[in-house]
Amino acid sequence: NFGALWAVWRGTNSSSFHNATNWEPQAVPTAGSWVLVEVTNGLSITSSASVKAIYIGGSQPTLLQATAPLTVGSNFVVRSNGVAWLSRPVTVSNHVLVLSGGLLTHAADNRLALTVGRDLQVDRGGRVDASGKGYTGGPGYPSGSRSGGSHGGEGCQNGNGDGTLGKTYGSITAPTNSGSWGGRWGGGYTTSPGGALQLTVGGQAVINGNLLANADNTFQSYTAGGSGGSVFLVAGSLAGSGLIQANGGTQV
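Basically the working numbering = 1-based index in the sequence shown + 1.
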């Protein structure tokens with residue numbers, strides 16, 4: 002974009018977005034800045050920030066982590082090799098594009114709450130994925146049994162019928178909760194449950210890639226699956242041939 006005020010991330014001194022020496026030119030981005038992240042040095046936003054646009058990804062792996070609210074005045078574009086962990090509310094005035102090889106997610110025990118003024122586009126090979134990012138424990142965690150985690154419905158009871166299933170919780174019509182652990186023989190936790198995607202799109206959501214909040218299905222002996230999380234998508238219209246899924250784990 003000719004004439005734009007570009008802020009190019011270098012991350013030479015730390016991972017802090019708020020440290021001017023990490024940027025080229027050496028100034029912390031402002032609400033008028035077009036942010037470009039193309040290097041492997043991770044970028045962390047730890048207090049509220051406003052920028053004009055964000056472009057992340059490229060020829061090498063790049064990581065942006067936001068643990069504070071973020072406002073983007075124009076577009077947020079996640080390209081191949083770009084990963085953005087958004088664990089606090091993010092508001093984007095125009096478009097969000099997740100291109101092939103790009104990923105939007107959140108940290109465990111959080112949710113991805115994304116408000117898009119215009120369109121959300123997730124291309125084939127792109128992901129908005131909270132799989133395995135659910136609660137530590139959680140209200141659906143079963144007591145004293147190798148049974149599945151509960152969420153919108155009860156988890157499966159183990160074959161011996163012992164222990165107490167975790168309680169059901171959350172909303173069927175407006176789901177915003179993460180999933181809960183399943184049980185493990187002898188106590189402890191199972192593989193990670195699904196996280197939560199809360200996506201509000203003013204225009205069209207074009208999903209040709211994946212919107213996921215599944216429990217992790219990595220096999221562990223003597224465990225039951227965690228519960229799936231939530232995908233709550235509100236949009237002016239929905240198009241595309243991608244996958245929207247929030248499945249529980251299957252191991253028992």
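From the three backbone atoms N, C-alpha and C, an ideal C-beta is built for every residue, glycine too.
In this text the structure is predicted, and so the values were computed from the model without any measurement.
| Query | Result |
| --- | --- |
| With distances taken Cα to Cα, identify the nearest neighbour of residue 84 among 233, 157, 44, 144. | 44 |
| Return the bridge partner residues of residue 239 from the DSSP annotation. | 206 |
| List the endpoints of the continuous beta strand (DSSP E) containing residue 32. | Residue 32 -> no beta strand (DSSP E), and no H or E assigned at all. |
| Does the distance from the CB of residue 180 to the CB of residue 228 come in under 8 Å? | yes |
| Assess contact between the stretch 122–138 and the stretch 83–103, defined as three or more Cβ pairs (one per stretch) separated by less than 8 Å. Is contact present? | yes |
| Out of curiosity, what's the CA-to-CA distance linking residue 80 and residue 236? | 23 Å |
| I need the boundaries of the beta strand (DSSP E) containing residue 55, first residue and last residue. | 54–57 |
| Tell me residue 125's beta-bridge partners as DSSP assigns them. | DSSP output for residue 125 lists no bridge partner at all. |
| Give me the Cα-Cα distance between residue 57 and residue 41, rounded to the nearest whole angstrom. | 11 Å |
| Contact check, residue 166 vs residue 129 under 8 Å by CB: the rounded distance? | At roughly 30 Å, the Cβ-Cβ gap does not stay under 8 Å, so residue 166 and residue 129 are not in contact. |
| Might you give, ordered along the chain, the residues of its own chain that have their beta carbon closer than 6 Å to the beta carbon of residue 117, omitting 5 neighbours on each side? | 93, 97, 202 |
| Does DSSP classify residue 21 as helix, strand or coil? | helix |
| Kindly identify the DSSP beta-bridge partner or partners of residue 46. | 67 |
| To the nearest angstrom, how far is it from the Cα of residue 25 to the Cα of residue 120? | 30 Å |
| For residue 242, tell me which candidate among 209, 113, 250 has the shortest Cα-Cα distance. | 209 |
| Just reading off the beta strand (DSSP E) that residue 114 is part of, what are its end residues? | 113–117 |
| With distances taken Cα to Cα, identify the nearest neighbour of residue 251 among 234, 156, 63. | 156 |
| Out of 67, 95, 54, 110, point me to the one whose CA is closest to residue 89's CA. | 67 |
| Just tell me which of 244, 6, 38, 109 has its CA closest to the CA of residue 82. | 38 |
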